[in-house]
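Residue numbers (our numbering): 7 to 189.
To start, the structure under review is shown below, and the notes come after it.
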Amino acid sequence: RQEYIKLENLLANCSKPCVMDVKMGVRLYDDEADAAKIEKMKKLAESTTSSVIGFRIAGIKYFRDNQYHVLDKSFGKSLTPGNISTGLGTFFDGIPCRKLSLVMDKVINRLEHIKHVVQVKKPRLYSTSLLFYYDFDDPIEANVNLIDFAHSYANKNDYESDDGFIFGIDNLIESLKILQSFK
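This is how it looks when you write it as structure tokens:
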């Protein structure tokens, strides 16, 4: 058996890519982390939405008014469970209303699929991200991919589903549905 890494440029077909990195899970460290790393990651989770709702926005890059805008990790750290839908809305605000419902449905369906795969395959996904992306010029092709597997493990011992990840994706889906209901 050969091990390999497959790289793919998810933005290759985008002329004006808009991206959002959402860090998933309640636990942000893996089993190999030392005590200092564990303490640091626990503090980060407790000081952000990660510990309460199982996800946080790590960054957004979007196109508006003929220029790019960047919201870095400090933006995500400033959000609370009460205003996380507004934070997510920043990413989707540039999509015309007539297309937004289709885009939101597509993104939510994709998240439901990712959740199902995680529940079936049962990997351990510590500090992974969901990369949301669309082309400003063609937002209907919006998508979401699971990325950042540096601290992830395949199912070796018939694990239960990764509760922290599932908790986070459930809350993310709910937050997007709340956002969708206001758009």
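Ideal Cβ positions, reconstructed from N, Cα and C, are used throughout, including at glycine.
Item                                                                                                                                                               : Value
Between which residues of its own chain and I101 is the CB-CB distance below 6 Å, once the five residues before and five after are set aside?                      : V109 and P145
Just checking my contact of D36 with Y132 at CB under 8 Å: how many whole Å lie between their CB atoms?                                                            : 4 Å
Nearest by alpha-carbon distance to S187: which of T134, K49, C103 and I153 is it?                                                                                 : C103
Return the chain-ordered list of same chain residues with a C-beta closer than 6 Å to the C-beta of G82, the five sequence neighbours on each side being excluded. : R62, I63 and A64
Rounded to the nearest angstrom, what separates P23 and S181 at their Cα positions?                                                                                : 23 Å
Taking the CB atoms as reference points, tell me whether V124 and F173 lie closer together than 7 Å.                                                               : no
Fully enclosed by the segment 75-162, which beta strand (DSSP E) runs are 3 residues long or longer?                                                               : 135-141 and 144-153
Note the first and the last residue of the continuous alpha helix (DSSP H) segment covering D27.                                                                   : First-last for D27: P23 to M30, but that is the beta strand (DSSP E), not the alpha helix (DSSP H).
What is the rounded straight-line gap between the Cα of D154 and the Cα of F138?                                                                                   : 13 Å
What does the alpha-carbon distance come out to for the pair L117 and I179?                                                                                        : 7 Å
How far does the beta strand (DSSP E) with A64 in it extend, from its first residue to its last?                                                                   : F61 to R70
Under the DSSP definition of a beta bridge, which residues are partnered with Q186?                                                                                : Q186 is not bridged to any residue.
Identify which residue in M30, L17, N19 and N89 has its Cα closest to the Cα of I120.                                                                              : M30
Kindly indicate which residue of I114, F69 and V150 has the alpha-carbon position closest to the one of S21.                                                       : F69
Please report the straight-line C-alpha distance between S53 and S80, rounded to a whole angstrom.                                                                 : 12 Å
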